[in-house]
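Asks: Going by my numbering, the first residue of the sequence shown is number 175, and it counts up by one from there. Glycine included, every Cβ here is placed at the ideal spot set by N, Cα and C. I have a structure here, written as structure tokens, and I will follow up with some questions on it.
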Amino acid sequence: MRISQILLADGERVSADSVIGTGIDGYVIRTGPSSVMKIPKLEATIHPNGFLEPNKDNTWLVESLRVEKEVYQRLEGASGIAKCLQITTNGVELEDYRNGDLEDYIKNKPPPPLNQRLEWILQLLSFVQVCHVNKVLWFDIALRNLLLADDMSLRAIDFANSTAAPTDADLKTTEWDGYTARTEVLHVTNVIYSIARWEKFQVDCAYETEWPAPDSFPTTHDLRLGEVISKAWRHQYDSISDLRSAILSAASLQRTSVYQNPVLIGCALACTTMLIMQLFSRPRKY
């Protein structure tokens, strides 16, 4: 029978009891009361004589740790990223966010007010925009990689599959193994739709050439930001900056339309008139 052992990058063994999360390419282990560490998914086979034989996949997993470290260093201090406490040989130590991730929150909680959801959408867009300014392609843009801080703002994690491009690269014209900044527009839009619909939605698209057909996406006509989402899915925004501007414009128009609605204005005037009449009809006391 094959017995596996989790390893740190320095070769030390990891107790299975310390593992609190696992992904495709990494583990999350607890390092303190309010801290965790993301480590690559390094494993070894334990032979009967106690010898540890490292798995063949360990080499590229160590490389993914190198990339993740570089991204955290490049985005240090950026608003919206999980707080990095320290970077070590073995992994990236982060602040622990006990509210969990947005995927589980959507699954288990009723939808919050629209203004809260819009705030999350704008936080996501601002963070990805900062990534692109710093020549980072996140890649794993998903609800599960958006944690909720104590104040319920978003904190992004998981950059093992990210690309830290040369700082003089032009993301608009460059691709990395078929992945581009425009592909990130697709995945960000999927998260925006999920937040707006309050239901998880994602598609498998690692290359721009795999972009799904427009008629394969769900309907958006009943959503406040539906038109912008639909346009994004139809390649009408070339960058995260363009998408963010469209979201801000749509949100502003909706707020304005509320105050310009004749029915609402009429109701407000009627209520104001009734209040004034009540005030002046009260008997005065001397």
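#1: I believe W372 touches P287 by the beta-carbon criterion, under 8 angstroms. Please report the beta-carbon distance rounded to the nearest angstrom.
#2: Could you tell me which residues DSSP puts in a beta bridge with P388?
#3: Which residue comes first and which comes last in the beta strand (DSSP E) that contains R204?
#4: Which residues in the same chain as A370 place their Cβ atom closer than 6 angstroms to its Cβ, once the five residues preceding and following it in sequence are excluded?
#5: Identify the residues that DSSP records as bridge partners of D275: which are they?
#6: Indicate the three-state DSSP secondary structure (helix, strand or coil) for V188 in the structure shown.
#7: In angstroms, rounded to a whole number, what distance separates the CA positions of P214 and A420?
#8: Indicate, with yes or no, if the ligand SAH has a heavy atom lying under 7 angstroms from the CB of R418.
#9: A182 by DSSP, collapsed to three states: which one?
#10: How should V432 be labelled, buried or exposed, when 16 other C-beta atoms within 10 angstroms of its C-beta is the threshold for buried?
#11: Can you tell which of L226, L322, M211 has the C-alpha that lies nearest to the C-alpha of L218?
#12: Which term fits V362, buried or exposed, when burial requires 16 or more other beta carbons within 10 angstroms of its beta carbon?
#13: State buried or exposed for K230, treating a residue as buried only when at least 16 other CB atoms are found within 10 Å of its CB.
#14: In chain order, what residues of the same chain lie with their CB nearer than 6 angstroms to the CB of D332, ignoring the 5 residues before and after it?
#15: For the 8 angstroms Cβ check, are there 3 or more pairs between the stretch 266–273 and the stretch 321–332?
#16: Taking 8 angstroms as the cut-off, does the stretch 344–351 touch the stretch 254–262 (at least 3 CB pairs, one atom from each stretch)?
Replies: Concretely, from the data shown:
#1: Not quite, the Cβ-Cβ distance comes to about 12 angstroms (not below 8 angstroms), so this is no contact.
#2: P388 pairs with nothing; no bridge assigned.
#3: 200–206
#4: L397, L399
#5: L321
#6: Note: V188 maps to coil in three-state DSSP.
#7: 38 angstroms
#8: With respect to the ligand SAH, the structure shown offers nothing to examine, as it has no ligands at all.
#9: Note on identity: in this sequence residue 182 is Leu, with Ala being the wrong assignment. Looking at L182 - three-state DSSP - the assignment turns out to be coil, as it is neither helix nor strand.
#10: Confidence at V432 is low in this model, with a pLDDT of 39, below 50, so the placement of that residue should be treated as unreliable; the coordinate-derived value is given next. Only exposed fits V432, as fewer than 16 other CB atoms lie within 10 angstroms of its CB.
#11: The sequence shown places Ala at residue 218, not Leu. Per the Cα distances, L226.
#12: buried
#13: exposed
#14: So the qualifying residues of the chain are D314, N319.
#15: yes
#16: no
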